[in-house]
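J.: In terms of numbering that gives the first Met the number 0, the sequence shown opens at residue 0 and continues consecutively.
Note that CB positions come from ideal geometry on N, CA and C, so glycine has one too.
Input: one structure, supplied below.
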Amino acid sequence: MLAILLFAAATTVPARIPIPAAARPSPTFDVEAATDAYLAEIPPAAKARSDAYFEGGYWLILWDFLYGAIIALILLQFGWSAAMRNLAERLTPLGPLRTALYWVQYLIVISILGFPLAVYEGYFREHQYGLATQTFGPWMFDQFKGLMINLIFGALVMAVLFGIVRKLPNTWWIWGAIVTLFFLIFAVLIGPVYILPLFNKVTRLTDPNVTQPILRLARANGIPANDIFEVDASRQTTRMSANVSGFGTTMRITLNDNLLRRGSPEEIQAVMGHEMGHYVLNHVYKSIVYFLVLIVVWFAALQWALTWSLQRWGEKWRIRGIGDTAILPLVLLWSSLFFILLTPVLNTMIRAHEYEADMYGLNASRQPDGFAQAAIHLSEYRRMSPGPVEEWIFFDHPSGRNRILAAMRWKAENLDLFAAPRGTPAPPKR
Ligand SMILES: [Zn+2]
Numbered sequence: 000m001l002a003i004l005l006f007a008a009a010t011t012v013p014a015r016i017p018i019p020a021a022a023r024p025s026p027t028f029d030v031e032a033a034t035d036a037y038l039a040e041i042p043p044a045a046k047a048r049s050d051a052y053f054e055g056g057y058w059l060i061l062w063d064f065l066y067g068a069i070i071a072l073i074l075l076q077f078g079w080s081a082a083m084r085n086l087a088e089r090l091t092p093l094g095p096l097r098t099a100l101y102w103v104q105y106l107i108v109i110s111i112l113g114f115p116l117a118v119y120e121g122y123f124r125e126h127q128y129g130l131a132t133q134t135f136g137p138w139m140f141d142q143f144k145g146l147m148i149n150l151i152f153g154a155l156v157m158a159v160l161f162g163i164v165r166k167l168p169n170t171w172w173i174w175g176a177i178v179t180l181f182f183l184i185f186a187v188l189i190g191p192v193y194i195l196p197l198f199n200k201v202t203r204l205t206d207p208n209v210t211q212p213i214l215r216l217a218r219a220n221g222i223p224a225n226d227i228f229e230v231d232a233s234r235q236t237t238r239m240s241a242n243v244s245g246f247g248t249t250m251r252i253t254l255n256d257n258l259l260r261r262g263s264p265e266e267i268q269a270v271m272g273h274e275m276g277h278y279v280l281n282h283v284y285k286s287i288v289y290f291l292v293l294i295v296v297w298f299a300a301l302q303w304a305l306t307w308s309l310q311r312w313g314e315k316w317r318i319r320g321i322g323d324t325a326i327l328p329l330v331l332l333w334s335s336l337f338f339i340l341l342t343p344v345l346n347t348m349i350r351a352h353e354y355e356a357d358m359y360g361l362n363a364s365r366q367p368d369g370f371a372q373a374a375i376h377l378s379e380y381r382r383m384s385p386g387p388v389e390e391w392i393f394f395d396h397p398s399g400r401n402r403i404l405a406a407m408r409w410k411a412e413n414l415d416l417f418a419a420p421r422g423t424p425a426p427p428k429r
């Protein structure tokens, strides 16, 4: 039954998207008409489904926050957080180890309490919309691996951050932000090379029909890549994606198998042009600067909010101060409120980079139709035509309609590249 459902979902949008008549080069080529013609390729049922999926995502932001807030308040109000701290203190006299032991208990407890929403969001809902490909067992195993990574790395991060808070209780938010940033950079650095293979098989692509056009595009744009990798994302999802990741020697281009299987060659080049844009425009380094500012503001706001909360409820919750690990549920509660309020700012920050990469990708790949085809494929899980305010608040990429519009605008200004070769007159007979 599930297999039939999945098959039906996968076939609602055609694997290869043809170029609609209004988007073919002609003397009367019209950007709006070409855009509408592409949008019309999405069957109404598929559009209704992806709109529902995406809108549901807006509500999930709220439900995730409320559900997380209730868990945090349970841990504080019923003294569970203080009890976990006390247990950690009985087990070891070492400060950093106590913090790590608190983290292990805390993460296991919130994973269990948060499981009902997590399983709905990550498993049942994804299957309901035909985006997931895993059965329950492998999905659970992936969750378990994620939890293990979080236990180990989280314990390390927590031990260091709480150490800083205890040593520098007034200025921790500056030093803590810098250290957090280094952990983030480390995660970005090792993620694609050491973490991704724990979940997926990463293989080197060898088919020159696929690799040569991508490597040519890379070389032409000054990207020092020799190899292209494929990741079997279809193990978990039907979504298509690609990326250029890492720094220096970990730099690599990765395409997922959904893109390779379902995308046209033009589409693959358009997507790679976009990803190379992120690399050439140094978006990783720019994001690091933005994030440093964001983390400093976040931690400064935390310092204020935690002090305020402890004055009111600190004694009741048996939290001894800002450096006490038992404060962690409160930290998470304030942080999730901070990030929910910052949703439009964060999304706009990311969307600005995505728009730049779109423009770069169109110029580099010269595949406006491939780009429009990719936008249609991404419409399986993104709403295509939101209102401007909706796009500003919720979209971390330009909307599908705006991406197709940009592609058709580019095409309109470069129609000579796509004009069908004129019938060359037969050579004169002698
Ligand atoms: Zn991007």
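Kindly indicate the opening and closing residues of the alpha helix (DSSP H) around residue 244.
T.: By one-based count along the sequence shown, residue 244 stands at place 245. Looking at the DSSP string, residue 244 is not in any alpha helix (DSSP H); the run it does join, the beta strand (DSSP E), is 241-244.
J.: To the nearest whole angstrom, what separates the beta carbons of residue 333 and residue 309, a pair I think is in contact under 8 Å?
T.: Sequence index remark: in the sequence shown, residue 333 carries index 334 (1-based). Sequence index remark: in the sequence shown, residue 309 carries index 310 (1-based). Their Cβ separation, rounded to whole angstroms, is 11 Å, which puts residue 333 and residue 309 out of contact at 8 Å.
J.: Taking residue 37 as the reference, which of 418, 367, 226 has the closest Cα?
T.: Here residue 37 refers to the residue found at position 38 when the sequence shown is read from its first residue. Nearest C-alpha to residue 37: 367.
J.: Under 8 Å by Cβ, that's how I've got residue 324 and residue 101 pegged, so tell me the actual separation to the nearest angstrom.
T.: Counting from one through the sequence shown, the residue named residue 324 turns up at place 325. Counting from one through the sequence shown, the residue named residue 101 turns up at place 102. Between residue 101 and residue 324 the Cβ distance is about 4 Å, and since that is below 8 Å, they are a contact.
J.: Quick check on DSSP: helix, strand or coil for residue 116?
T.: Position 117 of the sequence shown, counting from 1, holds the residue named residue 116. If DSSP states are grouped into helix, strand and coil, residue 116 belongs with the helices.
J.: Quick one: what's residue 254 bridged to in DSSP?
T.: If you number the sequence shown from 1, residue 254 lands on position 255. The partner list for residue 254 (beta bridge, DSSP) reads 229, 241.
J.: May I ask you to check if the CB of residue 356 is nearer than 7 Å to at least one heavy atom of ligand 1?
T.: By 1-based counting over the sequence shown, the position of residue 356 is 357. The answer is yes for residue 356.
J.: Are there 16 or more other CB atoms within 10 angstroms of the CB of residue 383, so buried, or fewer, so exposed?
T.: Indexing the sequence shown from 1 puts residue 383 at position 384. Counting Cβ neighbours within 10 Å, residue 383 comes out buried, since at least 16 surround it.
J.: Note the first and the last residue of the continuous alpha helix (DSSP H) segment covering residue 210.
T.: Sequence index remark: in the sequence shown, residue 210 carries index 211 (1-based). Start and end: 207-219.
J.: Identify which residue in 147, 315, 396 has its Cα closest to the Cα of residue 77.
T.: Position 78 of the sequence shown holds residue 77. If we check each option's Cα against that of residue 77, 315 comes out closest.
J.: Counting along the chain, where does the alpha helix (DSSP H) carrying residue 201 start and finish?
T.: Counting from 1 along the sequence shown, the entry for residue 201 is found at position 202. Not the alpha helix (DSSP H): residue 201 falls in the beta strand (DSSP E), residues 201-203.
J.: For residue 115, does the count of other Cβ atoms within 10 angstroms reach 16, so buried, or fall short, so exposed?
T.: In the sequence shown, the residue the question calls residue 115 occupies position 116. Exposed.
J.: If I'm right that residue 164 touches residue 175 with Cβ under 8 Å, what's the distance once you round it to whole angstroms?
T.: Working through the sequence shown from its first residue, we reach residue 164 at position 165. Working through the sequence shown from its first residue, we reach residue 175 at position 176. Between residue 175 and residue 164 the Cβ distance is about 7 Å, and since that is below 8 Å, they are a contact.
J.: Between residue 120 and ligand 1, is there a pair consisting of the residue's CB and a ligand heavy atom that are separated by less than 7 Å?
T.: Translated into the one-based positions of the sequence shown, residue 120 becomes position 121. Not so, every heavy atom of ligand 1 lies at least 7 Å from the Cβ.
J.: Any heavy atom of ligand 1 closer than 7 Å to the CB of residue 126?
T.: Translated into the one-based positions of the sequence shown, residue 126 becomes position 127. Because no heavy atom of ligand 1 lies under 7 Å away, the Cβ of residue 126 does not count as near it: no.
J.: Specify the secondary structure class of residue 131 as computed by DSSP and reduced to three states.
T.: Counted from its first residue, the sequence shown places residue 131 at position 132. Reduced to three states, the DSSP call for residue 131 is strand.
J.: Hey, residue 371 and residue 406 are a contact pair by Cβ (cut 8 Å); roughly how many whole angstroms apart?
T.: Within the sequence shown, residue 371 is the residue found at index 372, counting from 1. Within the sequence shown, residue 406 is the residue found at index 407, counting from 1. Between residue 406 and residue 371 the Cβ distance is about 5 Å, and since that is below 8 Å, they are a contact.
J.: Out of curiosity, what's the CA-to-CA distance linking residue 418 and residue 22?
T.: Along the sequence shown, read from residue 1 onward, the residue named residue 418 stands at position 419. Along the sequence shown, read from residue 1 onward, the residue named residue 22 stands at position 23. Those two C-alpha atoms are separated by around 12 Å.
J.: Have a look at the DSSP bridge pairing and note the partners of residue 236.
T.: The count along the sequence shown starts at 1 and reaches residue 236 at position 237. Note: residue 236 sits in a beta bridge opposite 131.
J.: Along the chain, where does the alpha helix (DSSP H) that runs through residue 346 open and close?
T.: Position 347 of the sequence shown holds residue 346. That run of the alpha helix (DSSP H) goes 342-364.
J.: Report the option in 312, 394, 228, 234 whose CA atom is closest to the CA atom of residue 251.
T.: For the purposes of this step, residue 251 is identified with residue 252 of the sequence shown, where counting begins at 1. Minimum Cα distance to residue 251 is reached at 228.
J.: So what does DSSP say about residue 380, is it helix, strand or coil?
T.: In the sequence shown, counting from the first residue as 1, residue 380 sits at position 381. Of the three classes helix, strand and coil, the one that applies to residue 380 here is coil, per DSSP.
J.: What separation, rounded to the nearest whole angstrom, lies between the Cα atoms of residue 373 and residue 270?
T.: Here the question's residue 373 lines up with position 374 in the sequence shown. Here the question's residue 270 lines up with position 271 in the sequence shown. In a straight line, the C-alpha of residue 373 is about 7 Å away from that of residue 270.
J.: Measuring CB to CB, does residue 337 end up less than 8 Å from residue 297?
T.: Position 338 of the sequence shown, counted from the start, is the residue given in the question as residue 337. Position 298 of the sequence shown, counted from the start, is the residue given in the question as residue 297. The answer is yes: Cβ separation under 8 Å.
J.: Nearest to residue 58 by CA position, among 292, 162, 339, is which residue?
T.: Along the sequence shown, read from residue 1 onward, the residue named residue 58 stands at position 59. For residue 58, the nearest C-alpha among the options comes from 339.
J.: Rounded to whole angstroms, what is the Cα-Cα separation between residue 172 and residue 403?
T.: Locating residue 172 in the sequence shown gives position 173, counting from the first residue. Locating residue 403 in the sequence shown gives position 404, counting from the first residue. One C-alpha to the other measures close to 43 Å.
J.: How about the stretch 377-394 and the stretch 24-35: do they share at least three Cβ pairs that are nearer than 8 Å?
T.: No, the stretch 377-394 does not touch the stretch 24-35.
J.: Name the residue from 118, 281, 358 whose alpha carbon lies nearest to the alpha carbon of residue 396.
T.: As a first step, residue 396 must be located in the sequence shown, where it is residue number 397. Nearest of 118, 281, 358 to residue 396, Cα basis: 358.
J.: Under the criterion of a Cβ to heavy atom distance below 7 Å, does residue 31 qualify as lining ligand 1?
T.: One-based indexing of the sequence shown puts residue 31 at position 32. Residue 31 Cβ: outside cutoff for every heavy atom of ligand 1.
J.: Could you compute how far the alpha carbon of residue 49 sits from the alpha carbon of residue 318?
T.: Walking along the sequence shown from the start, residue 49 turns up at place 50. Walking along the sequence shown from the start, residue 318 turns up at place 319. For residue 49 and residue 318, the distance between alpha carbons rounds to 45 Å.
J.: Between which two residues does the alpha helix (DSSP H) harbouring residue 36 extend?
T.: For this step, residue 36 is matched to residue 37 along the sequence shown. Note, residue 36: alpha helix (DSSP H), 30-38.
J.: In angstroms, rounded to a whole number, what distance separates the CA positions of residue 185 and residue 53?
T.: Within the sequence shown, the letter at position 186 stands for residue 185. Within the sequence shown, the letter at position 54 stands for residue 53. Answer to the nearest angstrom: the Cα atoms are 31 Å apart.
J.: Is residue 229 near ligand 1, going by C-beta to nearest heavy atom under 7 Å?
T.: As a first step, residue 229 is located in the sequence shown; it is residue number 230 there, counting from the start. Outside the cutoff, so no.
J.: Just the C-alpha distance for residue 320 and residue 177, rounded to the nearest angstrom, thanks.
T.: As a position in the sequence shown, residue 320 is number 321, starting the count at 1. As a position in the sequence shown, residue 177 is number 178, starting the count at 1. Roughly 22 Å separates the two Cα atoms.
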